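Following: one structure in structure tokens, then a few remarks.
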Amino acid sequence: MITPQQIKNKAERKYISFLQDLVKNMPFSKLVIRGDKSYTKSSLSEFEREIQLIVSHSKEKKGFGYTVKFQRVKTKHLGIQDLPESIYFETEKDFLKFLGKEREVELFKANMEKIMNTFPELKEWVFKYPSRVIDYQSEWINILKVCQYFKQNPRPNLYIRELPINVHTKFVENLQGVIRDLLDVLIPESINAEEKQFEKRFNLKYAEPQIRFKVLDKEISEKCFSGVDDMAIPVSQFRTLDLPIGRVIVLENKTTFYTALTLPEMHKTIALFGSGFSVSNLKVIKWFSDKELIYWGDIDVQGFEILSQFRSYYPSAKSIFMDKKTFEKFFENDSGTPTNVFAKLNLTDEEQQLYDILKINNWRLEQEKIPFDYVNEYFKIRSIS
42 MITPQQIKNK AERKYISFLQ DLVKNMPFSK LVIRGDKSYT KSSLSEFERE IQLIVSHSKE
102 KKGFGYTVKF QRVKTKHLGI QDLPESIYFE TEKDFLKFLG KEREVELFKA NMEKIMNTFP
162 ELKEWVFKYP SRVIDYQSEW INILKVCQYF KQNPRPNLYI RELPINVHTK FVENLQGVIR
222 DLLDVLIPES INAEEKQFEK RFNLKYAEPQ IRFKVLDKEI SEKCFSGVDD MAIPVSQFRT
282 LDLPIGRVIV LENKTTFYTA LTLPEMHKTI ALFGSGFSVS NLKVIKWFSD KELIYWGDID
342 VQGFEILSQF RSYYPSAKSI FMDKKTFEKF FENDSGTPTN VFAKLNLTDE EQQLYDILKI
402 NNWRLEQEKI PFDYVNEYFK IRSIS
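Our numbering applies: residue 42 is where the sequence shown begins, and numbers increase by one.
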């Protein structure tokens, strides 16, 4: 026979539907709990225990909660007995007090009214996500302040903490998830739907990634940067540069980039720090399209995966110091990091062969292990410098 705990579990599963009925302004109707009403037929004492348990937690005994409707039946084994015919909550108060949700629903109703009075267009959102209204039950006054600001200023072009909204400085940052969902409904015509980052999606300023680069041509550094040859600037500024260069060397690791700072002068060349998989920051640099692009990363699976990523933006990119000869010359039996990548990579046949060897053996040769003299000699022989 169904137990009080099972009744509570079933009642809790009906709670969201109850909240949705409130959103639709539907009056409470008798809420029936269906379940196993079979009983022990072999023992009268066990049968009485089952009945006593279910009655002891009912409205009849507690003054609230579920009602058990009995039907007198002549049973085959236990004689005439009163058996549960139906179990139900007769009133909203019975249902909520049994679940301990009276205060929660009181706040839900108040917040629902605030939300829909301020923004009637959010009614469908409230209906679909009533539990989220409850999750932020103490925050709705300020959430609505934020939404009202964006409704009136859909393209603020300010940093989050600059927004002139009377809320805690970290409020928007801490509640980005729910605010994002609401603004998607409220200002769909003003958002950048393809952007996942909150600031980009809602036209806010954000801390841009910096591109660190070294100008290896002294004449260009004098002409374009007053002699400064090592600098870092935001991506948005880097993408607008118009430098008289013909070659870009992208270095995966910071240590190797520092090594590049001491490289000899190279005609019409810059070297920049790709910062591993952050090489994605370079995909928007349109002026790369007609430059000679050279990529130098670790000889490990991740190094080749980053090379493949970079080459997906710029198919003409070539690698240096990422070949079998270099690997065999300087490998020191270092272990790499396993990869879960199984997709086809943008690699040459030779690169792919080395990648497969590294993947099978979990080997790694870091850029830093290649002697600087060897690097300089390479540039000299191939007339890069």
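Where is the CB? At the ideal position from N, CA and C, for every residue including glycine. These numbers were taken from a predicted model, which means no experiment stands behind them.
Identity of the residues DSSP links to residue i by a beta bridge
{"i": "SER127", "result": "LYS110"}
{"i": "LEU395", "result": "According to DSSP, LEU395 bridges with nothing at all."}
{"i": "PRO250", "result": "PRO250 pairs with nothing; no bridge assigned."}
{"i": "VAL291", "result": "LEU313 and TYR336"}
{"i": "GLN61", "result": "Looking at the DSSP assignment, GLN61 forms no beta bridge with any residue, so it has no partner."}
{"i": "LYS241", "result": "In DSSP, LYS241 forms no bridge with anything."}
{"i": "ILE121", "result": "LYS115"}
{"i": "LYS102", "result": "BP columns for LYS102 are empty, so no partner."}
{"i": "LYS192", "result": "According to DSSP, which records beta bridges pairwise, LYS192 is partnered with nothing at all."}
{"i": "SER179", "result": "Bridge partners of SER179: none, in fact."}
{"i": "SER360", "result": "TYR336"}
{"i": "VAL256", "result": "ILE311"}
{"i": "SER376", "result": "TRP404"}
Whether residue i touches residue j by CB criterion (8 Å)
{"i": "SER353", "j": "ASN387", "result": "yes"}
{"i": "VAL320", "j": "GLN278", "result": "no"}
{"i": "GLU306", "j": "LYS259", "result": "yes"}
{"i": "ILE347", "j": "ILE290", "result": "no"}
{"i": "PRO197", "j": "ASN244", "result": "yes"}
{"i": "ILE57", "j": "PRO171", "result": "yes"}
{"i": "ARG280", "j": "VAL219", "result": "no"}
{"i": "THR44", "j": "LEU124", "result": "no"}
{"i": "PHE105", "j": "ASP135", "result": "yes"}
{"i": "LEU121", "j": "ILE48", "result": "It should be pointed out that residue 121 corresponds to Ile in this sequence rather than to Leu. No; because the gap between Cβ atoms is not below 8 Å, this pair is not in contact."}
{"i": "GLN251", "j": "ILE274", "result": "yes"}
Endpoints, alpha helix (DSSP H) assigned at residue i
{"i": "THR367", "result": "365 to 371"}
{"i": "MET157", "result": "143 to 159"}
{"i": "GLU53", "result": "45 to 54"}
{"i": "SER349", "result": "342 to 354"}
{"i": "PRO171", "result": "171 to 176"}
{"i": "LEU386", "result": "Segment: none, LEU386 is in no alpha helix (DSSP H) and carries neither H nor E."}
{"i": "LEU137", "result": "133 to 140"}
{"i": "GLU263", "result": "259 to 266"}
The beta strand (DSSP E) enclosing residue i, as first and last residue numbers
{"i": "THR310", "result": "310 to 314"}
{"i": "ILE335", "result": "333 to 337"}
{"i": "PRO275", "result": "271 to 275"}
{"i": "ILE74", "result": "72 to 74"}
Contact belief for residue i with residue j at Cβ below 8 Å, rounded distance in angstroms
{"i": "PHE491", "j": "ARG221", "result": "Residue 491 falls outside the range modelled here, since the chain spans only 42 to 426, and no answer is possible."}
{"i": "ILE175", "j": "PHE149", "result": "6 Å"}
{"i": "GLN340", "j": "MET363", "result": "Note on residue identity: the sequence assigns Ile, not Gln, to residue 340. Yes, they are in contact, since the Cβ atoms of ILE340 and MET363 sit about 6 Å apart, within 8 Å."}
{"i": "PHE372", "j": "LEU323", "result": "With 8 Å as the limit, PHE372 and LEU323 do not qualify as a contact, their Cβ atoms being about 28 Å apart."}
{"i": "SER99", "j": "VAL109", "result": "5 Å"}
{"i": "TYR107", "j": "ILE156", "result": "TYR107 to ILE156, Cβ: 31 Å. No contact."}
{"i": "LEU292", "j": "TRP337", "result": "5 Å"}
{"i": "LEU216", "j": "ILE184", "result": "7 Å"}
{"i": "VAL208", "j": "VAL187", "result": "7 Å"}
For residue i, three-class secondary structure by DSSP
{"i": "ILE326", "result": "coil"}
{"i": "LEU216", "result": "coil"}
{"i": "VAL96", "result": "helix"}
{"i": "ILE184", "result": "helix"}
{"i": "ASP414", "result": "helix"}
{"i": "ASP283", "result": "coil"}
{"i": "GLU230", "result": "helix"}
{"i": "LEU406", "result": "strand"}
{"i": "TYR419", "result": "helix"}
{"i": "VAL167", "result": "helix"}
Below-8 Å beta-carbon distance, residue i vs any chain C residue
{"i": "ILE175", "result": "No chain C is part of this structure, which consists of one protein chain only."}
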